[in-house]
Every structure is written in C-alpha cells, then in structure tokens.
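Residue numbers (the working numbering): 90 to 264. Note that CB positions come from ideal geometry on N, CA and C, so glycine has one too.
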C-alpha cells in the first residue's frame, strides 16, 4: 500500500533472513556439510570420483567447456550455500547437472581407454558398471518423487473453480 512496502516486495525483503543466516563465518560450514553432502547424496563418492576424472580430461582437451561447467557449478553451489531456505536443495539441481556432465566426460574417457586396451566384452562390462550410480539414484529416488497420487490440491482447486462465477479472479498478497 505504500512505497516502502513496494520496495520490500520488489527486493524480496521477506527472504533476507535466509541469505547468509550465519554470516561469512558460517558460510564454509554450510558449503561443506550442507552443499557438499548434497553432492555426495546426489552422485555418490564413485560418481564424484568420475566427475573429478572428467575435470582432468577436460583440462587436457576442452578448457573452455571445463571453465563453463566449473564456473556454473561453483556459482550454483555458492548460491545454495549462501541462500539457505528450508528446501535449498532445489537450487543445487543445475549444479548437479554440471557435475553429471563432468562425470560423463570422465566416463567417456574411461571407456575409450579401457576399450583401446581390452576386449570388447570387458569394455562393455566397464560401461555397464558406470551405469550403476545413476541407476541406483533412479531406484532410490523413484518413490520419493512420485507425486502421481497426491491429488488433494487438485481436487480442492477443481471444486473451488467450479463454484466461482465466470470471469472471477482471485488476488492475494502472498503466492
């Protein structure tokens, strides 16, 4: 209703308490166990090791691509560590994608090296083994992300919209 209230809305003042709640001194603690732990949970230690191999491979073969992936990864991880609302993990999703791309580069190199020196059957076994990390993530997270049976909100809003007159609008100050 007032200019100061408008400024607070535009600047996101309601989220100020979520930005660096522990100050600069608490930032490493949030970055390490919080963000680092989420990367271990997302990729596993094996996946992170293959991503580290991907960093080495891209350092040798494609420095601009490596720079892009690392800058994006660090930026998303840093943002998630600095902005810590209750569900900060969603802000790490783009960082996870960057890390998985690094892992893909490492896995590609590993398969090519193994394929150059071993029989095709062993190369296929190595390639199949590299699928264990993403497959285990799919199995582990499949039920947690399945919202196909969560229909209460849908039923509520269907009933609400059926009862509203034509050309009605709902306005509220909070999303």
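Alpha helix (DSSP H) segment containing residue 150, residue limits: 126–150
**Prompt:** If we ignore side chains and look at the alpha-carbon of each, how far apart do residue 259 and residue 249 end up?
**Reply:** 11 Å
For residue 160, the three-state DSSP class (helix, strand or coil): helix
Next item on the list: Please work out which residues of its chain come closer than 8 Å, Cβ to Cβ, to residue 181, disregarding the five sequence neighbours upstream and downstream, and give them in chain order.
Entry: 124, 127, 128, 131, 165, 166, 169
Alpha carbon to alpha carbon, how far is residue 253 from residue 189? Give it in angstroms, no decimals. 47 Å
query = Based on Cα-Cα distance, which residue from 152, 135, 95 lies nearest to residue 226?
reply = 135
- I think residue 144 touches residue 137, with their Cβ atoms under 8 Å apart; what is that distance to the nearest whole Å? No, residue 144 and residue 137 are not in contact; Cβ-Cβ is about 11 Å, not under 8 Å.
If I follow the unbroken alpha helix (DSSP H) through residue 183, where does it start and stop?
182–206
Could you tell me how far apart the beta carbons of residue 142 and residue 198 are, in whole angstroms, since I believe they sit closer than 8 Å? 7 Å
Option nearest residue 150 by Cα separation, candidates 224, 99, 194, 210
194
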